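Encoded as C-alpha cells, the structure appears first; notes follow it.
In the working numbering, the protein residues as written are 210 to 304.
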C-alpha cells in the first residue's frame, strides 16, 4: 500500500500545527505526530478500519481523544488522504 497526500490534506496538517502551536509547541508536535502515525500505521495495516464517509467511496478515521477526522479513499493498492478536519466542520462542504 502506498499513501498519497492531497494538497488540501497537507495544508490541513500545517494549519492544525500552526493553530495549536500558538498556545503550546509541544502539544502541536504531539497532535501532528499522532495524526501522521495513525495514517502511516493504522491505515497501512487496516485501510478499511475507518467508518464509511459521507462522500461516495470515502472513509473516515476518527482519532480518539482528538477533535480530528482523517477523510480518505482506498484503492486496490493506494490510500489517498483527502482532508484532515476538525469535527466541528462538516464535509464534504469543506472539500
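Even glycine gets a Cβ: it sits at the ideal position worked out from N, Cα and C. As the structure is a computational prediction, the values presented were derived from the model and not from experiment.
For the beta strand (DSSP E) that contains residue i, what are its first and last residues?
i	result
residue 224	Unbroken run through residue 224 is the alpha helix (DSSP H), 216-230; no beta strand (DSSP E).
residue 236	Not the beta strand (DSSP E): residue 236 falls in the alpha helix (DSSP H), residues 234-246.
Report all residues from its chain with a CB closer than 8 Å to the CB of residue i; omit the five preceding and five following residues, and keep chain order.
i	result
residue 272	243, 244, 247, 278 and 279
Report all residues from its chain with a CB closer than 7 Å to the CB of residue i; omit the five preceding and five following residues, and keep chain order.
i	result
residue 241	222, 225 and 226
residue 289	213, 215, 281 and 282
Buried or exposed for residue i, going by 16 or more other Cβ atoms inside 10 Å?
i	result
residue 218	buried
residue 298	exposed
Please name the residue in the options whose C-alpha comes closest to that of residue i.
i	options	result
residue 258	281, 232, 298 and 215	281
residue 261	236, 254, 239 and 270	270
For the ligand GDP, is there any heavy atom lying closer than 7 Å to the beta carbon of residue i?
i	result
residue 275	Among the components modelled here there is no ligand, and therefore nothing to report on the ligand GDP.
Given residue i, which residues of its chain have a CB within under 6 Å of its CB, disregarding the five upstream and five downstream residues?
i	result
residue 256	283 and 288
Checklist entry - Any chance the segment 210-229 sits against the segment 288-295, with 3 or more Cβ pairs inside 8 Å? => result In short, these stretches touch, since the Cβ pair count reaches three.
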